[in-house]
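Protein chains in written order, with my numbering: chain A, 191 to 415; chain B, 191 to 415; chain C, 191 to 415; chain D, 191 to 415; chain E, 191 to 415; chain F, 191 to 415; chain G, 191 to 415; chain H, 191 to 415.
We put the beta carbon where it would ideally sit given N, CA and C, even for glycine.
8 protein chains.
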Amino acid sequence: ARKGVPEIVYAPGKTPEQVARICAAMLEGTERVIVSGPSGEHERLVRQALPDVPVRDAGRALVVGAGEPAPTGGRLYAIGAGTSDLPVLEEAVAVAREMGVAVKTTHDVGVAGLHRLRGPLEELRAFDPDCVIVAAGMEGALPTLVSGLVAVPVVGLPTSVGYGLGGDGTAAILGMLQSCSPGLSVVNVDNGVGAGATAALIANRAALYRNDTESNGQAPGAGVS
Amino acid sequence: ARKGVPEIVYAPGKTPEQVARICAAMLEGTERVIVSGPSGEHERLVRQALPDVPVRDAGRALVVGAGEPAPTGGRLYAIGAGTSDLPVLEEAVAVAREMGVAVKTTHDVGVAGLHRLRGPLEELRAFDPDCVIVAAGMEGALPTLVSGLVAVPVVGLPTSVGYGLGGDGTAAILGMLQSCSPGLSVVNVDNGVGAGATAALIANRAALYRNDTESNGQAPGAGVS
Amino acid sequence: ARKGVPEIVYAPGKTPEQVARICAAMLEGTERVIVSGPSGEHERLVRQALPDVPVRDAGRALVVGAGEPAPTGGRLYAIGAGTSDLPVLEEAVAVAREMGVAVKTTHDVGVAGLHRLRGPLEELRAFDPDCVIVAAGMEGALPTLVSGLVAVPVVGLPTSVGYGLGGDGTAAILGMLQSCSPGLSVVNVDNGVGAGATAALIANRAALYRNDTESNGQAPGAGVS
Amino acid sequence: ARKGVPEIVYAPGKTPEQVARICAAMLEGTERVIVSGPSGEHERLVRQALPDVPVRDAGRALVVGAGEPAPTGGRLYAIGAGTSDLPVLEEAVAVAREMGVAVKTTHDVGVAGLHRLRGPLEELRAFDPDCVIVAAGMEGALPTLVSGLVAVPVVGLPTSVGYGLGGDGTAAILGMLQSCSPGLSVVNVDNGVGAGATAALIANRAALYRNDTESNGQAPGAGVS
Amino acid sequence: ARKGVPEIVYAPGKTPEQVARICAAMLEGTERVIVSGPSGEHERLVRQALPDVPVRDAGRALVVGAGEPAPTGGRLYAIGAGTSDLPVLEEAVAVAREMGVAVKTTHDVGVAGLHRLRGPLEELRAFDPDCVIVAAGMEGALPTLVSGLVAVPVVGLPTSVGYGLGGDGTAAILGMLQSCSPGLSVVNVDNGVGAGATAALIANRAALYRNDTESNGQAPGAGVS
Amino acid sequence: ARKGVPEIVYAPGKTPEQVARICAAMLEGTERVIVSGPSGEHERLVRQALPDVPVRDAGRALVVGAGEPAPTGGRLYAIGAGTSDLPVLEEAVAVAREMGVAVKTTHDVGVAGLHRLRGPLEELRAFDPDCVIVAAGMEGALPTLVSGLVAVPVVGLPTSVGYGLGGDGTAAILGMLQSCSPGLSVVNVDNGVGAGATAALIANRAALYRNDTESNGQAPGAGVS
Amino acid sequence: ARKGVPEIVYAPGKTPEQVARICAAMLEGTERVIVSGPSGEHERLVRQALPDVPVRDAGRALVVGAGEPAPTGGRLYAIGAGTSDLPVLEEAVAVAREMGVAVKTTHDVGVAGLHRLRGPLEELRAFDPDCVIVAAGMEGALPTLVSGLVAVPVVGLPTSVGYGLGGDGTAAILGMLQSCSPGLSVVNVDNGVGAGATAALIANRAALYRNDTESNGQAPGAGVS
Amino acid sequence: ARKGVPEIVYAPGKTPEQVARICAAMLEGTERVIVSGPSGEHERLVRQALPDVPVRDAGRALVVGAGEPAPTGGRLYAIGAGTSDLPVLEEAVAVAREMGVAVKTTHDVGVAGLHRLRGPLEELRAFDPDCVIVAAGMEGALPTLVSGLVAVPVVGLPTSVGYGLGGDGTAAILGMLQSCSPGLSVVNVDNGVGAGATAALIANRAALYRNDTESNGQAPGAGVS
Ligand SMILES: Nc1ncnc2c1ncn2[C@@H]1O[C@H](COP(=O)(O)O)[C@@H](O)[C@H]1O
Ligand SMILES: Nc1ncnc2c1ncn2[C@@H]1O[C@H](COP(=O)(O)O)[C@@H](O)[C@H]1O
Ligand SMILES: Nc1ncnc2c1ncn2[C@@H]1O[C@H](COP(=O)(O)O)[C@@H](O)[C@H]1O
Ligand SMILES: Nc1ncnc2c1ncn2[C@@H]1O[C@H](COP(=O)(O)O)[C@@H](O)[C@H]1O
Ligand SMILES: [Mg+2]
Ligand SMILES: [Mg+2]
Ligand SMILES: [Mg+2]
Ligand SMILES: [Mg+2]
Ligand SMILES: [Mg+2]
Ligand SMILES: [Mg+2]
Ligand SMILES: [Mg+2]
Ligand SMILES: [Mg+2]
């Protein structure tokens, strides 16, 4: 796996047969594969073609394969604005977890009711993450808000949750790109894989040196390949 | 003036001579005219053509003519996100004032530093406005935030302050249109006139009945024409 | 309910199970919930999960729960341009009614046959509303026309009724945003909830003082929260 | 001249020298040439290069050459929504006049104040035109309105008069394209030449047969080339 | 029927029940109704609800009702670029026929093989139409070509036939709007109703006077309403 | 020079000093450099900084350096739709000439007057080119037409000549991309460099083998690097 | 078949019956027809209507008819970035093969792992093609890379493989159009037919002269028609 | 300074007087201010208003104020695709340096000539950065390439360098957003400030723990504020 990033199979545009075959082939060389954006039919065929392989649901993704990655010590805090942003956020979380990162998740935080942000912020401060992901659709303002309140990099994950003009994620991603809060970078609409991988690389870079300090242990996936 | 809305001359697309001539003609039938979006050359010619008429600066607008409108008792609170949003906000304020509304203004409030919102919110609560205008560019999130904190209608006024993709006001207006905070309506990018007129109509409708209560006085511009 | 606005559940992007569960949870703390944009499957599951709760149809929304809100005395006039705009307009009306506002509705008014506007305008004048909502698709000109004929604020509600270039509501919302009639503000395409909540806040602000005059009664949802 | 349409030189994108040279060359084979969209520099050079040729102003166009076309008996009514739409409308009128059509023009009609439409409509009915051009910017609703009130074809001429989102003529042309009034066709934004030529072809086709009735005279530019 | 234009029911966005009910109501006051853009389900319900009323297929439209309109003497030539443009062209033809116009149709003309245009052009010249409709998708160049070869007005009817970037009709309509051939005006993508009505109004205006010449008969739908 | 393509300096976005310095540096290793899109100031500084180097005008490009490339025997026919397309076409021609290709050019061919295409087509057939470039703005239909009439590859070169909606070259490039004439490929708007290089590579591949046949000579720039 | 290009039937927008009928008609005058973009239903009906005619699958196309075209000696190398780009690439290959060109195909090359490009490049060099097609979705960078490494023309074939903003092929085609690698031209998104025909015309022009050298044989489809 | 990010004054949209005044005010509380996007006039007035304050050029930014920030030990590698991307890249570098990060820069790397990437990659590996910024315009492919070759997070910085369709930075940003290389996140077009701040936060988080290991020193700007 390049850079410690797990193998990803983008399901849309592939037939269920292709997805199942690619998964089977990949599982000969790696323990787990992430299938991104599968339809029900994709999922059915993967399960049928690989009857002995555990398949876990991770929002709009599937984790195909047994076991767990070795923890790196990296820490990620993942925030979802609303219920509808959850499937995309879970995909990001699954990718980061595959990269050995410890993840804490909160959701239904909203932006119109700022008081709801208070609890999560306290939990966030206690957790002391190396990076934060904020998934949001509609006007996409939550990542800007969060980025103004924490001192670590924030990855904005716009979702295609919205309505009317700009409701396909355009308003959300434009809002994040316009953000006047430095320290916020973004990935494409609904790109949970990209958000999770970026955040995990950030967290694992910090963990590499934190580990040295604490245990002189081996850090995975860091350095220049 | 229709609905109590002052006469407006949109300067862009007109020659300076046309603007000056239209102002002169209108001032025969009304006390003051608002020139929206004048260039320096527009302003120079208006002043020259009307040497005895006072011309006041109001951001991206000019108020041409002497005197003050009679107060209606309507109350408007006007918030600007940043320094660059001020010219558009001032135009909105000028239009509302011409409609007899009392206006309190604050600015440089921002969205990335929420603590800066505290002072203005207290002032707002003490003033008890009938309506709030929030002007913001870039990601345009401030109107959503404010709308979540007050119980009166909020008019979102997006500005063409921004950069890169969506920086011509597109991100700001899309963000406001996506807003998940009910009670927020919007006008077009940089449309200070529209925001001011809408807010004043809202405020004057409330003032019409508040006045009855307090003084049985005459309310201007209310009712159905 | 914030600002007197009823609890809204946006159905699109949520599973029927999620919608039903959220409704059930909310109904423990409030009398009625509005489900916006449910599919047939959403509706079926809500009815099945809540067999004893009345579910009323309100165009593209459902009102879930028994009883009626207390009237505030606010008055809204709601106009639909064509038959196809009705579902969105009805959603707006349902939200305003939940906020205690009295609503009168007319529809099939059109813009190409101006004579058809005469009857509704007379009814409107007799009703003396605090605010007017005008829902229109296609070229979206009706709100501009109405705004030029009444002296209260108009909320433009563009719908995704149209065809060809701009027919997804883009032409309608751009037309309303360009409107040269001050006093018109807009919400996003098909955003009946936003239009209803904005109009109700405007009407309830006026009703607050009208009530004082007439009865010294308590006005709901007004003032700064 | 093809189809009776006068020779047109589009000035933008050509150097002043090219425009002057093309005019001179064309005037050897035709009496008059229309220069569309000239800058001040274009105009200066044309006048200098052709010192003995009369040059008339026609809004955003110039009519270069002496004399008048022979009247065909065709009749066109031309309406402009606002002062800023005049230059484009005048170009359309100049083209139609060059095609022998009699033109009556009115302007500053607006759409937000419908009463202002009454006078022009009476004049229009008395004139009994074969075709109507309506030029409008901003939300571009006037052509739809007029088309609903007259029984002859209407050519919508959108102009780049506007502001904010859609203000470059996009809202105007989309509005006209969405129009629910059958009988309205459109040309591109600011395309006065196209509107004038289309309207004149329509008028001259009718005049061809009207002339037969009245005088058995020769009709120009009609029939299939 | 306004301006001689038949009653049109736009089916998309209406339920089959609404469409059937509106047809039934309209048929009490007029002989025939055109249903534009019906789905199979729309058509089924209309036929079921009106078992004794003849329903004729007209491409993407249905003509509901018995009989034929009285001929006006107007003449229209209708050209389709390819097979896929036919349903939209047939709708335009149906509308024009309902307005009493005689229509000749040709199709599969193409633009990449100009020789295929020769036969239709000869037929067109022999027919001597008052107006030409050209329906085309993809790059939409055929109307421009035809307009350069005939001396009567051409109505461009862009269709949503295409692929990739601009393939939803955007390329076709932009191409027609950019056309450098004066005398071409356009309607929106797939707007067969608009094209047919515009062309018929043009043809009937000419027929009004041609009839006078030939027979002193009464021309329908002409003059100012 | 890579693939036989000459060195190109894109001037826009560079200071005149940078352009002059890069030219000077490149001329140490190559005989000629093409400067694409220089402003007057760019050109002035290049001439001043390189007083002994000949600078030839090539439409929107400059050819900086002495001498001529060795002819390859490749043949290109270059067609421009209108006068305003010439600067871009000339840039394409200059690039192809630098790659050793013999070029014949025609222009002012138009699309609305097909008869004007006859002469050029005869010349084209006599010349028997290996490739054709067609530059066109506005509706961009000429490349499609030409591609339907010749049996060699056609490179469509859209230009930013146009007006109103799509007039920045968008309509032209979309039209070419939608083209139903197989054998037409395109480059970006105003990208004369790309069109010239593509056409020259095509011509030089054919010339490589033609030369073998005729003279067993060395063909430049062909084969796989 | 024009220019040696096979007959193509674009299935989308046609009924299955129309497609089957057109195929049957064409097969009377030609040996094979390519059906582009058929649905399952299209394919079923074609097979049923033509029970004795072989139908071969070619990605998103079908080759209907028996036999093989005569080889011209032209050589094409076809590269696909990912598995999902294959159906479009196969259509291009089928069209080129029908034009007599020998095609070698490679795929799953990617751009993020440059080492994977090494093998294909060596194969490409050994094959010495006259032209290269590169199909890619998402960010569409592979054609630029390949074009920088080979000395023959490259046809970029963008596909609608992608996600979020620009994921419908817009990012891919824009990227190819922006390419700073001269010698790359493009066709529209998913336009396998256009890419195949363009590449085959290029290859056959070279083959025409290569054949002369080697065998004095007759080359098909070359020269000016 | 929030999060260790220096004070930034966005100059566009502010008058030179405002910029100078804000700088003066800020310099009372901080040592240095970065002015982003100043015009020549902005720069002149800042220098004049602050005659004793050193002003350093940093591409499209200015660093106003004396002294240097304390180094944090964070390491950033900054890559520019072409000469024209330098001003934006330098702004990013200035911001990162103000946050205490050590920066190594390379440029003119390109994507069409992959060999040019070799040298920088070796330097990069030796430097062992915590984060990489890649600035690129046009098709914006370089960040994807680099991200596939290094094991640390990459921040893509699209620039408005380009031409024709998508040349305002749209193609570049869409390409980066579509990137199939996980670990790449982006900021808005020309947003050097955002890229620099994000990269510095990433680097400083790693440095915080690396410092602990090596020296138990104090790390600035890390942790949760
Ligand atoms: N602290 C801030 N938070 C959010 N937005 C801001 C902030 N400061 C400025 N803006 C926005 O950034 C733009 C420029 O602000 P300024 O530099 O103050 O003129 C304005 O349109 C504001 O909406
Ligand atoms: N009273 C009006 N009603 C509607 N549109 C108007 C009105 N006045 C001006 N316009 C539009 O507003 C734009 C500017 O008008 P004017 O200020 O008169 O040049 C024009 O494009 C008109 O289409
Ligand atoms: N390794 C890769 N590098 C670059 N692009 C790729 C790569 N793999 C796939 N793609 C692109 O990603 C899309 C999906 O690829 P695939 O998952 O292989 O079907 C295709 O359009 C390819 O252009
Ligand atoms: N060799 C190259 N490969 C790829 N992109 C390049 C190359 N040279 C320049 N660019 C891009 O082209 C634009 C102009 O480059 P330059 O002419 O060096 O300023 C920049 O935005 C670069 O991203
Ligand atoms: Mg799932
Ligand atoms: Mg001012
Ligand atoms: Mg319902
Ligand atoms: Mg003039
Ligand atoms: Mg049918
Ligand atoms: Mg030049
Ligand atoms: Mg297949
Ligand atoms: Mg500088």
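With contacts defined as CB atoms closer than 7 Å, D:Ser375 and E:Val377 qualify as a contacting pair.
Not a single CB atom of chain H sits nearer than 7 Å to the CB of B:Gly330. DSSP places E:His297 inside the beta strand (DSSP E), whose first and last residues are 292 to 297. Closest option to F:Ile198, judged by alpha-carbon separation, among F:Arg211, F:Val223, F:Leu217, F:Gly219: F:Val223. For G:Cys321, there is no enclosing alpha helix (DSSP H); the enclosing beta strand (DSSP E) has its first and last residue at 321 to 326.
Below 8 Å, enough C-beta pairs join the stretch 274 to 293 of chain B and the stretch 349 to 364 of chain B to call them touching: three or more. Bounds of the beta strand (DSSP E) holding E:Glu197 are 197 to 200. Interface with chain A (7 Å Cβ-Cβ cutoff): B:Leu252 is excluded. Among the CB atoms of chain B, none fall inside 7 Å of the CB of C:Tyr267. Beta bridge pairing from DSSP links B:Val209 with no other residue.
From the beta-carbon of C:Tyr353, no residue of chain B is found nearer than 8 Å; the closest lies around 22 Å away.
In the same chain as B:Tyr267, and ignoring 5 residues on each side of it, the C-beta atoms closer than 7 Å to its own belong to Lys294, Leu314, Phe317, Pro319, Val322, in chain order. Looking at the backbone, the Cα of B:Leu240 and that of H:Val345 are separated by about 57 Å. Listed along chain H is no residue with a C-beta nearer than 9 Å to that of G:Thr273; the closest approach is about 12 Å.
In this structure, the CA atom of F:His232 is about 10 Å from the CA atom of F:Ser226. Taking 7 Å as the threshold, the shortest C-beta distance from C:Leu276 to chain D does not fall below it. With respect to B:Ala385, B:Gly264 sits apart: the two C-beta atoms are not nearer than 7 Å. With respect to the 7 Å criterion, A:Glu329 and B:Ser337 are not classified as neighbours on the basis of their beta carbons.
In the three-state reduction of the DSSP assignment, H:Asp242 falls in the coil class, being assigned neither a helical nor a strand state.
Going by beta carbons, F:Ala387 and F:Ala326 fall outside the 7 Å limit. For B:Asp320, the C-beta contacts it makes with chain C under 7 Å involve Arg395, in order along the chain. Spatial neighbours of E:Gly373 in its own chain (CB-CB distance under 7 Å, excluding positions within 5 residues in sequence) are listed in chain order as Ser337, Pro343, Val344.
By the Cβ test, the stretch 248 to 262 of chain F is in contact with the stretch 213 to 221 of chain F, since at least three Cβ pairs between them sit closer than 8 Å. With contacts defined by Cβ atoms closer than 7 Å, D:Asn394 and D:Thr262 form a contacting pair. Within the stretch 369 to 381 of chain H, Ser369, Cys370, Ser371 place their CB atoms closer than 8 Å to a CB of chain G, listed in sequence order.
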